[in-house]
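Student: My structure is below; once you've seen it, I'll send some questions.
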Amino acid sequence: MNLNESNRLWVTKCLKHEMFISKSLHHTNIVRTYDYFKTNSYAVIIMEYYENGNIRQEMDRQNRPYDIREASHLFTGLIAGLQYMHGKNIAHRDLKLDNFFLDENHQPLIGDFGFATIGMKHGRLIIEHLLRQTRCGSDGYMAPEIARITNNNNEKQQQQYNAKKADVYSMGVCLYEMLHQTLPPPNIDNNNNSNNNTTMTGNHHSSLSTTTTTTMSLSFASNINERWKNLIKSMLNLEPNERPTIEQISYQISTPLFTLMSLVQRSNTNTKIDKNKSTIRQQQQSMNARKTTR
1 MNLNESNRLW VTKCLKHEMF ISKSLHHTNI VRTYDYFKTN SYAVIIMEYY
51 ENGNIRQEMD RQNRPYDIRE ASHLFTGLIA GLQYMHGKNI AHRDLKLDNF
101 FLDENHQPLI GDFGFATIGM KHGRLIIEHL LRQTRCGSDG YMAPEIARIT
151 NNNNEKQQQQ YNAKKADVYS MGVCLYEMLH QTLPPPNIDN NNNSNNNTTM
201 TGNHHSSLST TTTTTMSLSF ASNINERWKN LIKSMLNLEP NERPTIEQIS
251 YQISTPLFTL MSLVQRSNTN TKIDKNKSTI RQQQQSMNAR KTTR
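Structure, rendered in structure tokens:
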């Protein structure tokens with residue numbers, strides 16, 4: 001990170017904040033951060049090296065979206081890491097494919113905690129302190145309640161948001177992008193560009209039930225089954241309180257039926273590919289036979 005006189009104090013504060021949070025996190029799906037230092041011109045964070053880069057870089061290299069099974073593997077690992085963070089009352093607030101790294105075993109890890117926030121007061125973690133008023137995150141991944149925030153001090157109380165629920169929205173964007181290689185349409189105004197669609201409610205100890213509420217209007221690729229569609233719709237709900245928690249999402253994607261649907265989807269894709277290859281071979285054999293006859 002470049003340093004200059006205008007941002008030196010701000011960068012120093014952010015680095016200390018990031019190191020404080022990242023050093024408190026120890027999980028298989030979270031990037032390991034060791035230390036940081038500054039020179040006259042740069043601020044440097046020392047973290048684990050991941051030779052496979054991040055998920056965005058991998059998608060750019062393969063120039064295609066992930067299939068259901070690939071996305072399910074990555075999403076499951078990321079949800080595990082985020083569930084661990086939320087369990088410690090830490091919200092990331094800048095979840096995007098650029099911040100998801102891949103280790104040598106292709107396991108995903110969450111990194112970059114520069115915007116992370118922790119609910120702490122007198123040594124006790126409390127959810128009330130995750131109600132934030134700061135506009136942060138990345139365009140396209142930012143929850144609508146954050147995107148609407150202005151700098152008008154008179155409106156600060158009305159602009160509070162739950163950082164955990166904002167993380168859920170951002171993860172929904174990430175899942176959609178992994179499956180489509182594009183972001184879902186921007187949707188900031190609850191009164192515009194919305195339809196009545198299905199979303200999920202309930203607690204993580206039971207199957208999520210469905211209810212009708214206002215959510216984004218989305219288009220899906222033909223290979224996305226209804227369970228994944230409903231999961232994404234619920235995470236991208238324009239009303240934060242209607243979004244599932246990370247615990248609910250974790251429970252839902254771990255159910256045998258949900259896992260089986262992912263495997264069946266991949267199996268069907270492979271069957272179509274095998275049929276196409278078989279047809280091509282038959283055509284080639286037929287052409288060779290005609291040439292031999294002549």
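Residue 63 in the UniProt record's numbering sits at position 63 of the sequence shown, with consecutive numbering throughout. Think of the CB as a built atom: it goes at the ideal place given N, C-alpha and C, for glycine as much as any other residue.
Quick check on P184: buried or exposed, where buried means 16 or more other Cβ atoms within 10 Å of its Cβ?
Tutor: Under this definition P184 is a buried residue.
Student: Quick one: residues in its chain with C-beta nearer than 7 Å to the C-beta of F37, no 5 flanking neighbours on either side, listed in chain order?
Tutor: Here the set comprises V44.
Student: Between which residues of its own chain and Q181 is the CB-CB distance below 7 Å, once the five residues before and five after are set aside?
Tutor: Counting only Cβ-Cβ distances below 7 Å, and skipping sequence neighbours, we find M59, R64 and P65.
Student: Are the beta-carbon atoms belonging to P240 and N162 less than 7 Å from one another?
Tutor: For P240 and N162, yes; Cβs fall inside 7 Å.
Student: Check whether the stretch 215 to 234 touches the stretch 95 to 115, taking contact to mean three or more Cβ pairs, one atom from each stretch, closer than 8 Å.
Tutor: Cβ pair count under 8 Å is below three, so no.
Student: Taking 7 Å as the cut-off, decide whether the C-beta atoms of Y176 and I232 are in contact.
Tutor: Against a cut-off of 7 Å, the Cβ pair of I232 and Y176 comes out as a contact.
Student: State the start and end residues of the unbroken beta strand (DSSP E) segment that holds T76.
Tutor: It is not in any beta strand (DSSP E) - T76 instead sits in the alpha helix (DSSP H) that spans I68 to G87.
Student: Rounded to whole angstroms, how far is the Cβ of I79 from the Cβ of S222, which I believe are closer than 8 Å?
Tutor: Wrong, their Cβ atoms sit about 25 Å apart, outside the cutoff.
Student: Between the Cα of D103 and the Cα atoms of L74, H86, G87 and I118, which residue gives the shortest distance?
Tutor: Ranking L74, H86, G87 and I118 by Cα distance to D103 puts L74 first.
Student: If I'm right that R32 touches E48 with Cβ under 8 Å, what's the distance once you round it to whole angstroms?
Tutor: Right, the Cβ-Cβ distance comes to about 4 Å (below 8 Å), so this counts as a contact.
Student: If we count the other Cβ atoms within 10 Å of its Cβ and call it buried at 16 or more, is Q252 buried or exposed?
Tutor: With 16 or more Cβ atoms within 10 Å of its Cβ, Q252 is classed as buried.
Student: What does the alpha-carbon distance come out to for the pair residue 315 and F101?
Tutor: Missing from the structure shown is residue 315; the chain here goes from 1 to 294 and no further.
Student: Considering only the beta carbon of each residue, do A143 and A166 sit closer than 7 Å?
Tutor: Yes, they are a contact pair.
Student: Return the Cβ separation of C174 and L238 in integer angstroms, given the expectation that the two are a contact with Cβ distance under 8 Å.
Tutor: In fact, because the Cβ distance is near 17 Å, the residues do not count as touching under 8 Å.
Student: Relative to the alpha-carbon of S41, which residue among L9, K23 and K16 has its alpha-carbon at the smallest distance?
Tutor: Nearest C-alpha to S41: L9.
Student: Write down the C-beta distance between M235 and M171 rounded to the nearest angstrom, noting that I regard them as a contact closer than 8 Å.
Tutor: Confirmed, about 6 Å.
Student: Leaving out five residues on either side along the sequence, give the residues of the same chain with a beta carbon under 6 Å from the beta carbon of L15.
Tutor: Taken in chain order, the residues that qualify are Y36 and A43.
Student: Return the first residue and the last residue of the alpha helix (DSSP H) that L231 is part of.
Tutor: Looking at the DSSP string, the run of the alpha helix (DSSP H) that includes L231 is E226 to M235.
Student: If you drop the 5 nearest sequence neighbours on each side, which residues of the same chain put their C-beta closer than 6 Å to that of N54?
Tutor: Here the set comprises D98, F100 and F101.
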